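Participant:
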């Protein structure tokens, strides 16, 4: 009897999870369908670009600098063993542009901007602002969700690029300025080895995918949150956890597709 | 069917989770009138309001607004008819990320192509009507409860709706704000030539301003009449409600096991 209950419980959870994925997919399509208004009134997107993109600048710059500095330090220690310190620039740049830039920026974006989006929309729902908007014959997906979605999709690649650029500067500070790797070979080897299509463009594609996924999860969790204090706090937590896991798993999949045998 | 009715509800039934919330509701809201729906918390008043707004679909019966049956409309038609309605939510539901001015201007910007200077004049006029012209640059978090309710009222009537719905407009207000809001509801209704529906349990304040009252209990209408008829009413329920008596047709005790049994006493 107990076994049957357990199996039933598991089945119930799986059905619920699949059902939620379906609701999220429908939410995604509705967001795309109702996006026209956001582009006709672009200042709606600009406002959200400010609150999610610009407000994330400090955390991205500081984190990027330190990650780059660590890469410079660790990379030098390893490369020195093989006498190839001059390739430090290549290592730092490839590591950042291909992987760490998009992934770290997306993780930071999820915890800084994603959680804020979920909490904001969840509270709007709890205080009946979403119902009020519907009663005013304004579609909340078109007015609230779509501008935030596009702001996230647009700002993510820019933040990732900034993260990589600052990170490379951090690697330069440690590798060249502090340790004394030859400056000429640091930059020239980097320039020769980093391919625009193969490395930079693939990094941009990654960050576009991450931006879409993180923003969508954040908005869906907010919109789907039970309109109570516990509901909103639970949804905010789920946003950070789910989007972090999604970023890391998708990163593996994308890397496997993009850099296989390269 | 009297042609003067803006909203008609006929035999409305609604069930939630197999629990009947509304049963056979019949109501008529004549144009230009202020009608109150009163009852205890949880008697289905707000659910009824959501049916009138088209947010819920009935299991049986219909709500007809201005000649159209609400639950038969598709999304575009529903949005079109909602433009003729305004709804004041219980705690105002102001958009917390916008200033008072932008809150009132919201529908004008969303639904019309009016130039910004015309919108400015309209917003100032609406805010003046509720006495809060001086608060136009404040954010909703800086307002007191009564002020927030008045801003929400200005926003509700921003596009001069035919039908204004109020969900507990008096809840949680001090006595001065209470009569200010009550007076505003009456004056706005008459000035706009609108029809108003007030869902409330504040008996004293609403009897002063409304034209007709429906009393609801457990999803059915138990009494109706003009304020004078109700004041003279000898019905038990109406008397208990009007005078706030503890016991009567509505029992003080929520149904449960025998008192002695809950105390673990043996007979």
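Residue numbers (the numbering used here), protein chains in the order written: chain G, 68 to 329; chain V, 5 to 271.
Where a beta carbon is used, it is the ideal one built from N, C-alpha and C, also for glycine.
Nothing here was measured: the structure is a model prediction, and the numbers come from that model.
1. Counting contacts by CB-CB distance shorter than 7 Å, is residue 228(V) in contact with chain G?
2. What whole-angstrom Cβ distance do residue 43(V) and residue 220(V) have, given they're in contact under 8 Å?
3. Quick test of the definition: if touching needs 3 or more C-beta pairs under 8 Å, does the stretch 289-303 of chain G touch the stretch 189-196 of chain G?
4. Three-state secondary structure (DSSP) at residue 315(G)?
5. Quick check: the stretch 209-218 of chain G against the stretch 118-133 of chain V, are there 3 or more CB pairs under 8 Å?
6. Quick check for students: name the residue ranges of the alpha helix (DSSP H) that lie wholly in the stretch 107-193 of chain V, counting only runs of 4 or more.
7. Skipping 5 residues on each side, what residues in its chain have a beta carbon closer than 7 Å to that of residue 52(V)?
8. Which residues of chain V have a Cβ atom closer than 8 Å to the Cβ of residue 196(G), listed in chain order?
9. Anything in chain V within Cβ reach of residue 193(G), meaning under 9 Å, just list it in chain order.
10. Our contact map puts residue 226(G) next to residue 263(G) with C-beta atoms below 8 Å; I'd like the distance itself, whole angstroms only.
11. Where does residue 217(G) land, buried or exposed, given buried means 16+ other C-beta within 10 angstroms?
12. Chain G beta carbons: is any one of them nearer than 7 Å to that of residue 129(V)?
13. Which ranges does the alpha helix (DSSP H) cover as unbroken runs of at least 4 residues, wholly within the stretch 164-237 of chain G, from first to last along the chain?
14. Go ahead and pull the three-state DSSP assignment for residue 4(V).
15. Checking contacts by CB at 7 Å: is residue 204(G) closer than that to chain V?
16. Could you tell me whether the stretch 128-146 of chain G touches the stretch 99-118 of chain G, where touching means 3 or more Cβ pairs closer than 8 Å?
17. In terms of DSSP beta bridges, what is residue 67(V) paired with?
18. Since residue 246(G) is in the alpha helix (DSSP H), which residue starts that stretch and which ends it?
19. I need the straight-line Cα distance from residue 120(G) to residue 113(G), nearest angstrom please.
20. Helix, strand or coil: how does DSSP classify residue 223(V) here?
21. Between which two residues does the alpha helix (DSSP H) harbouring residue 91(G) extend?
22. If you draw a straight line from the C-alpha of residue 213(V) to the C-alpha of residue 133(V), how long is it?
23. When you compare the CB of residue 6(V) with every CB in chain G, is at least one pair closer than 7 Å?
24. Kindly list the residues whose CB is nearer than 6 Å to the CB of residue 60(V), restricted to its own chain and excluding five residues on each side of it in sequence; keep chain order.
25. Along the alpha helix (DSSP H) that carries residue 263(G), what are the first and last residues, could you check?
26. Find out if the Cβ-Cβ distance for the pair residue 91(V), residue 200(G) is shorter than 7 Å.
Facilitator: Let's see:
1. As a working note, residue 228(V) is residue 224 in the second chain. It does not; no Cβ of chain G falls within 7 Å.
2. The residue labelled residue 43(V) in the question sits at position 39 within the second chain. The residue labelled residue 220(V) in the question sits at position 216 within the second chain. Between residue 43(V) and residue 220(V) the beta-carbon gap is near 4 Å, inside 8 Å, which marks them as a contact.
3. Yes, they touch.
4. Numbered from 1 along the first chain, position 248 holds the residue referred to as residue 315(G). Here residue 315(G) sits in helix by DSSP.
5. Judged by Cβ distances under 8 Å, the stretch 209-218 of chain G makes no contact with the stretch 118-133 of chain V, as fewer than three pairs qualify.
6. Secondary structure remark: continuous alpha helix (DSSP H) runs of at least 4 residues inside the stretch 107-193 of chain V, in chain order: 120-133 and 149-160.
7. Position 48 of the second chain, counting from 1, holds the residue named residue 52(V). The residues are 26, 29 and 41.
8. Numbered from 1 along the first chain, position 129 holds the residue referred to as residue 196(G). For the C-beta of residue 196(G), the chain V residues within less than 8 Å are, from N- to C-terminus, 97, 98, 99 and 100.
9. Within the first chain, residue 193(G) is the residue found at index 126, counting from 1. Chain order gives no chain V residues near residue 193(G), where near means a beta carbon separation below 9 Å; the closest approach is about 10 Å.
10. Looking up residue 226(G) in the first chain gives position 159. Looking up residue 263(G) in the first chain gives position 196. About 20 Å separates the Cβ atoms of residue 226(G) and residue 263(G), ruling out a contact at the 8 Å cut-off.
11. Start at 1 with the first residue of the first chain, and residue 217(G) comes out as number 150. Classification for residue 217(G): buried.
12. Indexing the second chain from 1 puts residue 129(V) at position 125. Taking 7 Å as the threshold, the shortest C-beta distance from residue 129(V) to chain G does not fall below it.
13. Runs of the alpha helix (DSSP H) inside the stretch 164-237 of chain G: 168-176, 182-193 and 196-202.
14. There is simply no residue 4(V) to check, as chain V begins at 5 and stops at 271 in what is shown.
15. Indexing the first chain from 1 puts residue 204(G) at position 137. Interface residue, yes.
16. Remark: fewer than three beta-carbon pairs, one from each stretch, lie closer than 8 Å, so the stretch 128-146 of chain G and the stretch 99-118 of chain G are not flagged as touching.
17. The count along the second chain starts at 1 and reaches residue 67(V) at position 63. Partner(s): 13(V).
18. The residue you call residue 246(G) lines up with position 179 of the first chain. If you look at residue 246(G), you'll find it isn't in any alpha helix (DSSP H); DSSP assigns it neither H nor E.
19. The count along the first chain starts at 1 and reaches residue 120(G) at position 53. The count along the first chain starts at 1 and reaches residue 113(G) at position 46. Spanning the two alpha carbons is a distance of roughly 10 Å.
20. Taking the second chain and counting its residues from 1, the one referred to as residue 223(V) is at position 219. DSSP, reduced to helix, strand and coil, places residue 223(V) outside both helices and strands of the structure shown, so it counts as coil.
21. Looking up residue 91(G) in the first chain gives position 24. Counted as a single uninterrupted DSSP element, the alpha helix (DSSP H) harbouring residue 91(G) occupies residues 69-100.
22. The sequence position of residue 213(V) within the second chain is 209, counting from 1. The sequence position of residue 133(V) within the second chain is 129, counting from 1. Those two C-alpha atoms are separated by around 18 Å.
23. Locating residue 6(V) in the second chain gives position 2, where the first residue counts as 1. Confidence at residue 6(V) is low in this model, with a pLDDT of 47, below 50, so the placement of that residue should be treated as unreliable; the coordinate-derived value is given next. So, not an interface residue.
24. One-based indexing of the second chain puts residue 60(V) at position 56. Hits under 6 Å: 54.
25. In the first chain, the residue the question calls residue 263(G) occupies position 196. Segment: none, residue 263(G) is in no alpha helix (DSSP H) and carries neither H nor E.
26. Counting from 1 along the second chain, the entry for residue 91(V) is found at position 87. Counting from 1 along the first chain, the entry for residue 200(G) is found at position 133. No Cβ-Cβ contact shorter than 7 Å links residue 91(V) with residue 200(G).
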